[in-house]
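For what it's worth, the numbering used here labels the leading residue of the sequence shown as 3, then goes sequentially.
All residues carry an ideal CB built from backbone N, CA and C; glycine is no exception.
Being a predicted model, the structure only gives us computed values, none of them experimental.
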Amino acid sequence: MKSYVRMFVVVMACTFALSAFAQVQQFPRNQWTDYTPFEFEGGTFENQEDFIASGRRCASNIQPAEAALMEEDFQARIMETGLPEVTGGTINVYFHVIRKGTGVSNGDVTTTMINNQINVLKNAYAPWGWNFNLVSVDRTTNSSWFSGCYGSYEMSMKNALRKGTAKDLNIYTCAPSGGTLGYATFPSSYASNPKKDGVVVLHSSLPGGTAAPYNLGDTGTHEVGHWMGLYHTFQGGCTGGDYVSDTPAEASPAFGCPTGRNTCSTAGNDPITNFMDYTDDSCMNKFTAGQDSRMDSLYTTYRYNK
Ligand SMILES: [Ca+2]
Ligand SMILES: [Ca+2]
Ligand SMILES: [Ca+2]
Ligand SMILES: [Zn+2]
Numbered sequence: 003m004k005s006y007v008r009m010f011v012v013v014m015a016c017t018f019a020l021s022a023f024a025q026v027q028q029f030p031r032n033q034w035t036d037y038t039p040f041e042f043e044g045g046t047f048e049n050q051e052d053f054i055a056s057g058r059r060c061a062s063n064i065q066p067a068e069a070a071l072m073e074e075d076f077q078a079r080i081m082e083t084g085l086p087e088v089t090g091g092t093i094n095v096y097f098h099v100i101r102k103g104t105g106v107s108n109g110d111v112t113t114t115m116i117n118n119q120i121n122v123l124k125n126a127y128a129p130w131g132w133n134f135n136l137v138s139v140d141r142t143t144n145s146s147w148f149s150g151c152y153g154s155y156e157m158s159m160k161n162a163l164r165k166g167t168a169k170d171l172n173i174y175t176c177a178p179s180g181g182t183l184g185y186a187t188f189p190s191s192y193a194s195n196p197k198k199d200g201v202v203v204l205h206s207s208l209p210g211g212t213a214a215p216y217n218l219g220d221t222g223t224h225e226v227g228h229w230m231g232l233y234h235t236f237q238g239g240c241t242g243g244d245y246v247s248d249t250p251a252e253a254s255p256a257f258g259c260p261t262g263r264n265t266c267s268t269a270g271n272d273p274i275t276n277f278m279d280y281t282d283d284s285c286m287n288k289f290t291a292g293q294d295s296r297m298d299s300l301y302t303t304y305r306y307n308k
């Protein structure tokens, strides 16, 4: 029974991974309160909501049915093995810079930007027991990998560069799909495709980069959240679907920093300051105890000693 469930999950995960190459999920435009053009990395969007609706904020969107399958696998494993739970620890980080030439504008991020990104991760996760140790930085000049690091050239890049095991974090900086901010794999997909495991972020999202208002390093924080097993806070809309009880449900991704936003009649205002929403880096500043508990459990189940 359990192995059947697990195999089903793997098949569905692979199906999803393939379909993810073909499309980014788009969100309905439902507010249109702002008619200020939104300039981002050489492109102009009608406004910031249009940018969010384009799907470029994060490519780690999964449908509720797929999340449910991943959750089923997770629960089955907990029932089999119990939880020898680690509640924190130090995660080794292997940092891979993909550039199309020299100079920051070609993706050749500086050592200072990398160290500042690691510090942003440390500050975000320290309250919940996690530390990050930068083990190595490598730099690869390859313009195909630079723009194709999510999708077409992703696996050639990762097969060549990924280091460590399930418990180790590999971060790639590049220009995914020509400007998508970030993308991460989830813990449960490690077993079926270990080389794919890791986090991809837009090079200019690092602290000091040009991707304002997403240039304080919290794209990294957000994508590592997915890598630790968290979904978006708007997953499942008002019925909820992030499997975290202390993040109030919200109807759609928030953007900017809309204080007091309340899109669902269920208890609590929208969690706009949560790292797993889509707000500006200067707006997001927290995980919750429920998210911490989920990260600890998922890390124990799929990454610790694996
Ligand atoms: Ca913890
Ligand atoms: Ca929730
Ligand atoms: Ca509410
Ligand atoms: Zn995301």
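For ligand 6, which residues count as neighbours when the test is a C-beta closer than 7 Å to any heavy atom? With respect to ligand 6, the structure offers nothing, as its ligand set consists of ligand 1, ligand 2, ligand 3 and ligand 4.
Is the beta carbon of TYR245 less than 7 Å from the beta carbon of SER62? Cβ distance not < 7 Å, so TYR245 and SER62 don't count as in contact.
Among GLN65, PRO66, GLY45 and VAL111, the one whose alpha carbon lies nearest that of SER207: For the options GLN65, PRO66, GLY45 and VAL111, the alpha carbon positioned closest to that of SER207 is the one of VAL111.
Would VAL202 pass as a contact of TYR233 if the rule is Cβ separation under 7 Å? no
Closest residue to VAL106 among ALA193, THR212 and GLY227 (Cα-Cα distance): Per the Cα distances, THR212.
Measure the CB-CB distance between THR290 and LEU85 and report whether it falls below 7 Å. no
Cβ-heavy atom distance between SER207 and ligand 4 below 6 Å? no
Whole angstroms is fine: what's the gap from GLY239's alpha carbon to GLY90's? 30 Å
Give me every residue whose Cβ sits closer than 5 Å to any heavy atom of ligand 2, in chain order. GLY242, ASP244, VAL246 and THR249
Out of TRP147, ALA78 and GLY181, point me to the one whose CA is closest to HIS98's CA. Of TRP147, ALA78 and GLY181, the residue nearest in Cα terms is TRP147.
Let me confirm a value: TYR192 is counted as buried when at least 16 other C-beta atoms fall within 10 Å, else exposed. Which label applies? buried
For TYR155 and ALA78, what's the separation of their Cα atoms in angstroms? Looking at the two C-alpha atoms, the distance is approximately 34 Å.
Member of ASN217, PRO255, TYR216 and ASP199 whose CA lies at the smallest distance from the CA of HIS228: ASP199
Check whether the Cβ atoms of PHE277 and GLU252 sit closer than 7 Å, and answer yes or no. No, they are not a contact pair.
Using C-beta distances below 6 Å, list every residue in its chain close to ASP140, excluding the 5 sequence neighbours before and after it, in chain order. HIS98
Using a Cβ distance threshold of 8 Å, determine whether the segment 219-226 contacts the segment 281-300, with at least three qualifying pairs required. yes
Complete runs of the alpha helix (DSSP H) confined to the segment 48-78 [at least 4 residues]: 50-55
Which of the three DSSP states, helix, strand or coil, is assigned to HIS98? strand
Of all the options GLY44, SER138 and ALA256, which has the alpha carbon lying nearest to the alpha carbon of ASP282? ALA256
Let me confirm a value: ASP248 is counted as buried when at least 16 other C-beta atoms fall within 10 Å, else exposed. Which label applies? exposed
Enclosing alpha helix (DSSP H) for LEU123 [first to last residue]: 113-127
Can you have a look at GLY45 and say buried or exposed, based on whether 16 or more other CB atoms are within 10 angstroms of its CB? exposed
Quick one: does the C-beta of CYS60 sit closer than 6 Å to a heavy atom of ligand 4? Yes, since a heavy atom of ligand 4 falls inside the 6 Å radius drawn around the Cβ of CYS60.
Could you give the DSSP three-state label for ASP36: helix, strand or coil? coil
Helix, strand or coil at ALA291 according to DSSP, with G and I counted as helix: In the structure shown, ALA291 sits in a helix (DSSP, three-state: H, G or I).
Provide the residue span of the alpha helix (DSSP H) that contains LEU136, from first to last. Note, LEU136: premise wrong, no alpha helix (DSSP H); beta strand (DSSP E) at 132-143.
Would you kindly work out how many angstroms separate the C-alpha atoms of PRO129 and LYS308, rounded to a whole number? 25 Å
Is it buried or exposed for GLY258, if we count other Cβ within 10 angstroms and need 16 for buried? buried
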